[in-house]
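Shown next, in structure tokens, is the structure this report addresses.
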Amino acid sequence: MKKHIVLLPGDGIGPEVARAAKRVLEAIAEQHQHTFTFETHNIGGSAIDQDGTPLPEDTIEACHKADAVFLGAVGGPKWDDLPGHMRPEKGLLGIRKQLGLFANLRPVKAFQQLLHASPLKTEVVTGSDLLIVRELTGGLYFGEPSERRNNGAEVVDTLAYSRHEIERIVEQAFQSARLRRNHLTSVDKANVLESSRMWREIVEEKKQEYPEVTVEHMLVDAAAMKLVTNPSYFDVIVTENMFGDILSDEASVLTGSLGMLPSASIRKDGLGLYEPVHGSAPDIAGQNKANPLASILSVAMMLKHSFKMEEEAEQVEKAVQDVLAARYHTADLNINGGIPVSGSELANKVIEQL
Ligand code: ATP
Ligand code: MG
Numbered sequence: 001m002k003k004h005i006v007l008l009p010g011d012g013i014g015p016e017v018a019r020a021a022k023r024v025l026e027a028i029a030e031q032h033q034h035t036f037t038f039e040t041h042n043i044g045g046s047a048i049d050q051d052g053t054p055l056p057e058d059t060i061e062a063c064h065k066a067d068a069v070f071l072g073a074v075g076g077p078k079w080d081d082l083p084g085h086m087r088p089e090k091g092l093l094g095i096r097k098q099l100g101l102f103a104n105l106r107p108v109k110a111f112q113q114l115l116h117a118s119p120l121k122t123e124v125v126t127g128s129d130l131l132i133v134r135e136l137t138g139g140l141y142f143g144e145p146s147e148r149r150n151n152g153a154e155v156v157d158t159l160a161y162s163r164h165e166i167e168r169i170v171e172q173a174f175q176s177a178r179l180r181r182n183h184l185t186s187v188d189k190a191n192v193l194e195s196s197r198m199w200r201e202i203v204e205e206k207k208q209e210y211p212e213v214t215v216e217h218m219l220v221d222a223a224a225m226k227l228v229t230n231p232s233y234f235d236v237i238v239t240e241n242m243f244g245d246i247l248s249d250e251a252s253v254l255t256g257s258l259g260m261l262p263s264a265s266i267r268k269d270g271l272g273l274y275e276p277v278h279g280s281a282p283d284i285a286g287q288n289k290a291n292p293l294a295s296i297l298s299v300a301m302m303l304k305h306s307f308k309m310e311e312e313a314e315q316v317e318k319a320v321q322d323v324l325a326a327r328y329h330t331a332d333l334n335i336n337g338g339i340p341v342s343g344s345e346l347a348n349k350v351i352e353q354l
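Heads up: the sequence shown is residues 1 to 354, going by the working numbering.
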């Protein structure tokens, strides 16, 4: 198969982990006789420096034409003092919105070799393997803010969803659940929010189409607690934008390191933007210390979701597991009695396993 991939390395450790992602894609292409072509563009702080904007036009154009986009990370102390509209993060929010990527998928898995790295008790995290499906382009973060703050006496943010917006994210979640363990938890705050009540109704309607999936509704406060007391209870969680933002950060403690968490932001036709959950990690940038596994697992998500290459995706995931089982690790993982290696060496190990 022929696929065209846009790489947006971005800032900090972004370029290091994007390099690892590209090398894994090249190795997969060679083995399976696919043709993957690549095109690199600026985003975030490096785009501010070179093009005077965090999201240059040619970057947007290239992403529209791509089969998939890989993003490293954006941001860093160098750009911290810029005004709001000129911040590196605007590049990321902008490209998600421009491409209409309404579903954010964040798998969280407690790898056997890394159980000790979680701040939670080993017996609590053991066996955790869940997927958070977060609505990404609606809700509170995109509602009309009140124009003025009434001289500071009052302020309003709006939580708005259309039926269409809820239906498409709920559908995505049912489809994800079907490919996993057929257990869907819809998280809301239906005891106080009208938007949550409509969300529940739509989940109830949609479930008729997926009889094999067990569905339940859970209030967000209860879900927050259960995530750290009994995380292996969950398979797929679906929720609106802000709840998803908070719960996915909370769930990240299950894996022990930010350097292990992949993500995908997708839309219906298969185009997706894949990125590690971690940021630009300026404290370790340019030192070849960054753990490339979150990016490599993001590549596995790209293969699966955008290219429908299930076998290749599983091969990449398996290679990551094998490398951990062989106890190779970057400094963030600190596997007891393991073999410490640099970021690029860890990527090499994964490619050897492939
Ligand atoms: P940003 O504003 O871009 O999020 P940050 O300063 O918050 O940057 P993060 O990238 O969020 O930094 O990282 C938080 C911590 O986790 C840092 O100490 C960083 O070094 C570490 N970290 C993040 N990603 C990785 C990785 N891939 N490998 C190793 N350590 C990482
Ligand atoms: Mg951060």
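By construction, the Cβ of each residue, glycine as well, lies at the ideal position given by its N, Cα and C atoms.
Would you check if the distance between the CB atom of A68 and the CB atom of K2 is smaller than 9 Å? Taking 9 Å as the Cβ cut-off, A68 and K2 do not qualify as a contacting pair.
Checking 9 Å against the spacing of the C-beta atoms, do E250 and A222 come in under that value? Pairing E250 with A222 gives a Cβ-Cβ distance that is not under 9 Å.
Whether or not the region 64-83 and the region 103-112 are in contact is what I'm after, with contact meaning three or more pairs of Cβ atoms, one per stretch, closer than 8 Å; do they touch? Pairwise C-beta distances place the region 103-112 out of contact with the region 64-83, as fewer than three of them are shorter than 8 Å.
If you check the beta carbons only, do I132 and I237 fall under 9 Å apart? Contact check for I132 against I237 passes: the beta carbons are separated by less than 9 Å.
Assuming S46 and D11 are in contact, meaning their beta carbons sit under 8 Å apart, how far apart are those beta carbons, in whole angstroms? The pair is a contact, with the Cβ atoms about 6 Å apart (cut-off 8 Å).
Strictly closer than 5 Å from CB to any heavy atom of the ligand ATP: give me those residues in the order they appear in the chain. Those residues, listed in chain order, are G75, L258, G259, H278, G279, S280, A281, D283, I284, A290, N291 and D332.
Could you please give me the residues that DSSP links to A73 through a beta bridge? Per DSSP, G10.
Proximity of N288 and E16 at Cβ, strictly below 9 Å: In this structure, E16 lies closer than 9 Å to N288 by Cβ.
Inside the region 172-259 only - beta strand (DSSP E) runs reaching at least 3 residues: Counting only runs of 3 or more, we get 183-188, 214-219 and 236-239.
Tell me, to the nearest whole angstrom, how far the beta carbon of S298 is from that of S263; I am working on the premise that it is less than 8 Å. S298 to S263, Cβ: 6 Å. Contact.
Per-residue burial, G138 [other beta carbons within 10 Å of its own, 16 or more giving buried]: It is buried - the Cβ of G138 has at least 16 other Cβ atoms within 10 Å.
With DSSP run on the structure shown, which of helix, strand or coil describes R134? R134: strand per DSSP, three-state reduction.
Excluding the five sequence neighbours on either side, which residues of its own chain have a C-beta within less than 8 Å of the C-beta of I339, listed in chain order? If we look at I339 and ignore the five residues flanking it on each side, its Cβ neighbours are A326, R327, Y328 and H329.
Given 8 Å as the limit, is there contact between the region 114-126 and the region 82-91, that is, 3 or more CB pairs closer than that? Contact between the region 114-126 and the region 82-91 is absent, because fewer than three Cβ pairs lie under 8 Å.
Ignoring anything shorter than 4 residues, give me the alpha helix (DSSP H) runs that lie fully in the region 257-316, in order along the chain. The region 257-316 contains these whole alpha helix (DSSP H) runs: 293-305.
Endpoints, beta strand (DSSP E) assigned at T126: Neither: T126 is in no beta strand (DSSP E) and is coded neither H nor E.
Taking 9 Å as the threshold (C-beta atoms), are R168 and A66 in contact? Not a contact, by the Cβ cut-off of 9 Å.
If you reduce the DSSP assignment to three classes, tell me which class N361 lands in. Since the first residue shown for the chain is 1 and the last is 354, residue 361 is missing from the structure and cannot be characterised.
Where the beta strand (DSSP E) through T330 begins and ends: It is not in any beta strand (DSSP E) - T330 carries neither H nor E in the DSSP assignment.
Report, in whole angstroms, the separation of the C-beta atoms of L324 and F111, which I expect to be a contact under 8 Å. Yes, L324 and F111 are in contact; Cβ-Cβ is about 6 Å, under 8 Å.
Beta-carbon proximity list for V6, same chain, < 7 Å, skipping 5 on both sides: For V6, same chain residues with a beta-carbon under 7 Å away, outside a window of 5 residues either side, are E39, H41, A62, C63, A66 and V69 in chain order.
Go to E39, then tell me how far its beta strand (DSSP E) extends in each direction, as first and last residue. Counted as a single uninterrupted DSSP element, the beta strand (DSSP E) harbouring E39 occupies residues T35 to T40.
Pick from Y233, G100, P56 and R134 that is closest to P88, judged by C-alpha positions: Selected option, being the one with the closest Cα: P56.
Cα separation between S306 and N336? About 36 Å.
Spatially closest choice to A73 from E310, G259, V350 and A319, by CA coordinates: The residue among E310, G259, V350 and A319 with its C-alpha nearest the C-alpha of A73 is G259.
Other residues of its chain near G272: CB distance less than 8 Å, five sequence neighbours each side excluded: Excluding its 5 nearest sequence neighbours in each direction, G272 has C-beta neighbours in its own chain below 8 Å: A68, V69, L101, A264, S265, I266, M301, M302, H305 and S306, listed in chain order.
Per DSSP, A68 is paired with what? Paired residues: I5.
Between G256 and F243, what straight-line distance do the alpha-carbon atoms span, to the nearest angstrom? The alpha-carbon atoms of G256 and F243 are separated by roughly 21 Å.
Looking only at its chain, what residues have a beta carbon closer than 6 Å to the beta carbon of S128, apart from the 5 residues adjacent to it on each side? Its chain contains A110, P231, S232 and L254 as the residues whose beta carbon lies nearer than 6 Å to that of S128, once the 5 sequence neighbours on both sides are disregarded; these appear in chain order.
Within 9 Å, strictly: CB atoms of I13 and G343: Yes, Cβ-Cβ distance for I13 and G343 is below 9 Å.
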